[in-house]
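Sequence positions in the sequence shown follow my numbering and run 2 to 302.
Just below is one structure, and these are the notes that go with it.
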Amino acid sequence: MNQELHTVLPELAHQSELLIAMFDQHDILRYANPAFQEVFAVRLDGSMSWSAMVFESYTTQRGVAIKTDNIEQWIASAYSRRGKLPFRAFESDLTDGRWIWMTETVQENGWMMCIASDITHLRQDGRELRQARDQALRAAQTDMLTSISNRRHISQIIQQAIQDMHQKSMSLHVALFDLDHFKNVNDSFGHAAGDLVLISFSRRLQACTRRDDACGRLGGEEFILCLPQLTTAQAVQVVERLLEDVRHDMALPDMPDFRYTTSAGLVQLRAGETLEQVIDRADHALYQAKEHGRNRLVWLD
Numbered sequence: 002m003n004q005e006l007h008t009v010l011p012e013l014a015h016q017s018e019l020l021i022a023m024f025d026q027h028d029i030l031r032y033a034n035p036a037f038q039e040v041f042a043v044r045l046d047g048s049m050s051w052s053a054m055v056f057e058s059y060t061t062q063r064g065v066a067i068k069t070d071n072i073e074q075w076i077a078s079a080y081s082r083r084g085k086l087p088f089r090a091f092e093s094d095l096t097d098g099r100w101i102w103m104t105e106t107v108q109e110n111g112w113m114m115c116i117a118s119d120i121t122h123l124r125q126d127g128r129e130l131r132q133a134r135d136q137a138l139r140a141a142q143t144d145m146l147t148s149i150s151n152r153r154h155i156s157q158i159i160q161q162a163i164q165d166m167h168q169k170s171m172s173l174h175v176a177l178f179d180l181d182h183f184k185n186v187n188d189s190f191g192h193a194a195g196d197l198v199l200i201s202f203s204r205r206l207q208a209c210t211r212r213d214d215a216c217g218r219l220g221g222e223e224f225i226l227c228l229p230q231l232t233t234a235q236a237v238q239v240v241e242r243l244l245e246d247v248r249h250d251m252a253l254p255d256m257p258d259f260r261y262t263t264s265a266g267l268v269q270l271r272a273g274e275t276l277e278q279v280i281d282r283a284d285h286a287l288y289q290a291k292e293h294g295r296n297r298l299v300w301l302d
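Right, dumping it as structure tokens:
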């Protein structure tokens, strides 16, 4: 019976008019049935990430109808919500005029199954109201400047991660970042330049995350990163790599010689610790990083 299911299920998925895709824990596309392939620009060679798929679909006018002049900003905003819940469902418009209901189911090992069904034929009573509600929810979760999670949303995500850690005894590291001498950037080059630096840093911060991780802007030039299920050595490596990446960041294209740095404080969640307590310890580590000359990471046990 089980052997028959292993044969029948893939065949049914292949024949289905539902859009079916599987992404691994690194958000690399591993499977897409013909219906999904027809809608999106996909490669099934193990090299295409979800963000690359969205970008290529956008440039070729396929897949989801994305109304934006800044696709990188759109991807950053979408990625801040993607895979953060075991199950998520939402409506989307396709470039071919269809209307779909997309579901995302995430296993504990990080693999995600995406299934979309065509709901164009359904009555659209209240659709505009639902879309307005969804847009308002996304806006409430997103930092307007950087498009990553805002303070409220990232706090909710970390709070859930803390609950999971206490229930499943998994590790959780939290890092705080503060851009060094950021006031000087605003004073010397103007707030528009300062905004570009914040946006550039947020892109690099998000680029270093896995789908299970989460990052957000707490306010001003302060950011936070949540790293579940890593050893301390692995978490340190992630943060150190980010700091090195930032040192070479050409955040101001009109000023190619401009460089900036960031300081970081990293801690591991302790048993029974609250969100406020872990952030307070991370902030203490960050303070030490700044006291010892900035442009560095301090890890506190």
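Note that the Cβ used here is the ideal one computed from N, Cα and C, for glycine as well.
These numbers come from a predicted model, not from an experiment.
- Message: Measuring only the C-alpha atoms, how far is Ala-194 from Ala-236?
- Response: 30 Å
- Task: Starting from Arg-53, trace the alpha helix (DSSP H) both ways and give me its first and last residue.
- Result: It should be noted that the sequence gives Ala, not Arg, for residue 53. Per DSSP, Ala-53 belongs to the alpha helix (DSSP H) from 51–60.
- Query: Hey, how far is the Cα of Gln-142 from the Cα of Asn-151?
  - Reply: 6 Å
- Query: Is the region 224–238 touching the region 191–210 in the sense that three or more CB pairs, one from each, lie closer than 8 Å?
  - Reply: yes
- Item | C-beta atoms of Asn-296 and Asp-181 nearer than 7 Å | yes
- Measure the C-alpha to C-alpha separation of Trp-100 and Val-198 and round it to an integer number of angstroms. 37 Å
- Tell me, please, which residues DSSP counts as bridged to Pro-229. Leu-173
- Task: Return the CA-CA distance between Ala-42 and Ile-76, expressed in angstroms with no decimal places.
- Result: 16 Å
- Determine the DSSP secondary structure at Val-43, reduced to helix, strand or coil. coil
- Query: Quick check: the region 279–295 against the region 255–266, are there 3 or more CB pairs under 8 Å?
  - Reply: yes
- Measuring CA to CA, which of Leu-298, Ser-93, Gln-168 is closest to Val-65? Ser-93
- Task: Could you tell me the distance, in whole angstroms, from the CA atom of Ala-22 to the CA atom of Gln-62?
- Result: 19 Å
- Query: For the ligand ATP, is there a heavy atom less than 6 Å away from the beta-carbon of Thr-275?
  - Reply: Judged by which ligands are present, the structure shown has none, so any question about the ligand ATP falls away.
- List the endpoints of the continuous alpha helix (DSSP H) containing Gln-142. 128–142
- How many Å lie between Ala-137 and Lys-85 at the Cα? 19 Å
- Task: Identify, in the order they occur along the chain, each residue of the same chain with its Cβ nearer than 7 Å to the Cβ of Tyr-59, setting aside the five sequence neighbours on each side.
- Result: Ile-67, Ile-72
- Query: CB Met-103 to CB Phe-88, shorter than 7 Å?
  - Reply: no
- Query: Alpha carbon to alpha carbon, how far is Ala-192 from Phe-183?
  - Reply: The question names Ala, but residue 192 is His in the sequence shown. The straight-line gap from Cα to Cα measures roughly 10 Å.
- Message: Just verifying my parser: in three-state terms, what is the DSSP assignment at Ser-48?
- Response: coil
- Item | Residue burial classification, Val-240 (beta-carbon count within 10 angstroms, cutoff 16) | buried
- Message: Using CA atoms only, rank isn't needed, just tell me which of Arg-82, Glu-109, Phe-56, Ile-29 is closest to Ser-50.
- Response: Ile-29
- Message: Considering Cα atoms alone, identify which of Ala-272, Ile-280, Asn-34, Ser-17 is closest to Lys-169.
- Response: Ala-272
- Taking the C-alpha atoms as reference points, what is the distance between Leu-231 and Leu-173? 7 Å
- Return the bridge partner residues of Met-114 from the DSSP annotation. Met-23, Thr-106
- Are the C-beta atoms of Leu-197 and some chain C residue less than 7 Å apart? Given the protein chain composition of this structure (a single chain), no chain C is represented.
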